[in-house]
Structure formats: structure tokens, C-alpha cells
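One structure below.
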Amino acid sequence: VFQGVNNLPLFSAQANGFFAKRGIDFDLRFAKSSDELRTGLADGRWQIVHALADNAVAMVEAANVAAVIVIGGDNGASSLIAQPDIASVAALRGKTVAVDAPNTAFAFQVYEMLRKSGLERNDYAISPVGATARRFEAMQQDKALAATMLYPPFSISAASAGYKDLGEAIKVIGPYQAFSGFVLRSWASANADTLVRYLAAIIEGQRFVLDPRNKAAVVKLIVDHLKASEDIATRSYPVVLNSLAKDAAFDMEGFRNVLALRARYTGKEPQPPDAYLDLTYYQNALAGL
């Protein structure tokens, strides 16, 4: 996974014993980049990854790996964050924007947000830096990196430090299926029962996080797992409530937008949505709760 509040259902499932009671031995790793995450899944170093849905599409289309999305998660809650002296998206003309990888996910969000403000791809440079935490760190160290996409708690920390929030992605580009769980089709088929139990734990974790009665516990999870201050964690909490999908449901409209962005910025038309999905494991997990 990548560091961020998108993992709160996982943190919750671990802390509350939702994995343990289903016999799941849960080992969480933070990825340094989407390339590491995708390559590790393809190589069998990890069995399940949670990342933006576009990464699964990239595995299928660009790497010819039989990956499949098995659960939704959230809309990403990502915002375009710029250096303190950047007052608008238009001011990014001629600047350098930090991305994870140039041909997936948040990079496409950046391109689309800038396009809608009149900037085409040749109007700015990009610098592949890696995962969100790395991009924020890089922006702090190198002022030439004018902007990047961040999500909580990093976006909240950046705004508190004087960086400019140039807008939330979904308010500009529309619905978006962001963090999703995906696996290799062969692994899912061979481990169907394990996968269903794992997904059930995540759904239960998502329910815990979204229950307002658990606010204090959720804020503590952000502090403990993401090394955020209590103030930043508390300010991240309402963003979490607005970004996580009920029962980790998959947003088909948002996914169609994911595919449309990929088509626009790769020049290659992807397959129909069902080619990248198998939600039967999720449906079985939900039915068993």
C-alpha cells in the first residue's frame, strides 16, 4: 500500500482483530512507488495491493499482467498542492510538477486538472519522484518542484505549512475510483476463501472508520500509523468521512472516468470496465457479514 488515510480500514481491521478472527495473518508494507507496488504484485512478493484503480489497468494494458480489481475503497481525496508562491494552476506554466510515475493514476489527474486550466502537456515539465510521502518530502527540499498531488494527512500538513491548495481533484475532473484492492487473477482463483475472508475484514474495518462514534479511535490510528500530529489527524478525519465509500463499494462511474483519462493521456482506448474487475469475491464477503 501507499502511506495515507486510505489505509484506515486496514489499520482498523488489524487493530480491532477483524483479520485475526478470520485467520488472516496480516503483514502491511509501504511501497516507495507505484512501479515497486505493481512489479512486486506481478512477481509474487505480495499477494494483495491497494492503490489507485488505474494501476491495475496499467498492469493489464501496459505490462500484460493478469491483475484484477476485487474491491473499491475511496475517491482518493487528492488535491493539487503547490509551493507557497504559486497562486493558481495557470501559474504552473513553465514549471515542474512532481508525479509518482508519469503514465498512471495521479499523474493523469494532474494532467487533466492543468488541461482544464488551459495548460497542455508541453506547457510544463514533470519529475517522477515516487509515492505521495516522497513527493511531499521532495517538494520541501526542492522548491523547483512547483506542485504535486497529495492526499491526507500530507495535504493537510502541507496546507498548514503554507503550501497552496489549488483544488480537490474530483471537483475538477469529476467522480474517480481511486484506492482499490487488486490481485493476480491466478492467485484469487487459487485462494478464493482466503480472499473473501480478507475482504470481509476490510469491509468491517471500513464500517468502523465511517462510524462517527469511533472518531477518537480513528484519529489515534492516523497518529499512530502515519506519524501525524493529533491536530493534523483531527483535521484529516472529516476528509476521510467524505472520501471512503460505504462498505468499500466500487464506484463504476468513477472507474469509467479513470478509463477515460487513461485513454486521453496514453492515446490507447482501454477495454470495457468489466475486463479489469471481478467483484464476486467482494459480493461474497459482503453477503457473509
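For the sequence shown, counting from 1, position 162 maps to 181 in our numbering; every step adds exactly one. Beta carbons: idealized from backbone N, C-alpha and C, even for Gly. Every value quoted in this text rests on a predicted model; they were computed, and no experiment measured them.
Does the separation of the CB atoms of residue i and residue j fall below 9 Å?
i      : j      : result
Gly95  : Asn26  : no
Ala177 : Ile100 : yes
Ala77  : Thr151 : no
Val87  : Asp297 : yes
Ala144 : Val116 : yes
Arg254 : Ile175 : yes
Val238 : Tyr256 : yes
Ser98  : Leu164 : no
Ser31  : Leu240 : yes
Asn35  : Phe227 : yes
Val258 : Pro147 : no
Pro289 : Arg281 : yes
Lys265 : Leu308 : no
Gly92  : Gln225 : yes
Met194 : Asp119 : The amino acid at residue 194 is misidentified as Met; the sequence shows Pro. Taking 9 Å as the Cβ cut-off, Pro194 and Asp119 do not qualify as a contacting pair.
So, with DSSP's three-state summary, where would you put residue i?
i      : result
Ser208 : helix
Ala96  : coil
Phe45  : coil
Ile145 : strand
Glu139 : coil
Ile88  : strand
Leu240 : helix
Lys183 : strand
Thr213 : helix
Val19  : The chain is shown only over 20 to 308; residue 19 falls outside these bounds and no answer can be derived.
Ala101 : strand
Ala177 : helix
Ala77  : helix
Ala109 : helix
Could you check where the alpha helix (DSSP H) with residue i kicks off and where it finishes?
i      : result
Gly273 : Met271 to Thr285
Gly59  : Ser53 to Asp62
Glu156 : Thr151 to Gln160
Thr299 : Thr299 to Ala306
Val258 : Glu249 to Ser262
Ala124 : Ala124 to Arg134
Of the residues the options, which one's Cα is nearest the Cα of residue i?
i      : options                           : result
Ala211 : Ala126, Ala304 and Leu240         : Ala304
Thr299 : Ala268, Pro289 and Leu240         : Ala268
Glu223 : Lys40, Ser174 and Ile67           : Lys40
Tyr295 : Leu308, Ala306, Ala282 and Phe274 : Phe274
Gln102 : Phe227, Tyr217, Gln225 and Ala180 : Ala180
Asn233 : Gln196, Pro28, Phe21 and Gln22    : Pro28
Leu169 : Arg140, Val129 and Lys162         : Val129
Leu203 : Phe45, Ala188 and Ala82           : Ala82
Ala197 : Gln302, Phe125, Pro171 and Lys162 : Phe125
Thr167 : His69, Phe127 and Glu272          : Phe127
Ala70  : Tyr301, Gln302, Phe201 and Asp270 : Phe201
Residue i and residue j look like a contact to me (Cβ under 8 Å); what is the Cβ gap, rounded to whole Å?
i      : j      : result
Ser199 : Ala72  : 4 Å
Ile105 : Lys183 : 6 Å
Ala50  : Val20  : 7 Å
Leu260 : Gln22  : 19 Å between Cβ atoms; not a contact.
Ser53  : Asn74  : 5 Å
Val242 : Ala235 : The Cβ separation is near 11 Å, so there is no contact.
In the DSSP assignment, find the unbroken beta strand (DSSP E) run with residue i in it and report its ends.
i      : result
Ala165 : Leu164 to Leu169
Val202 : Phe198 to Leu203
Ala117 : Thr115 to Val118
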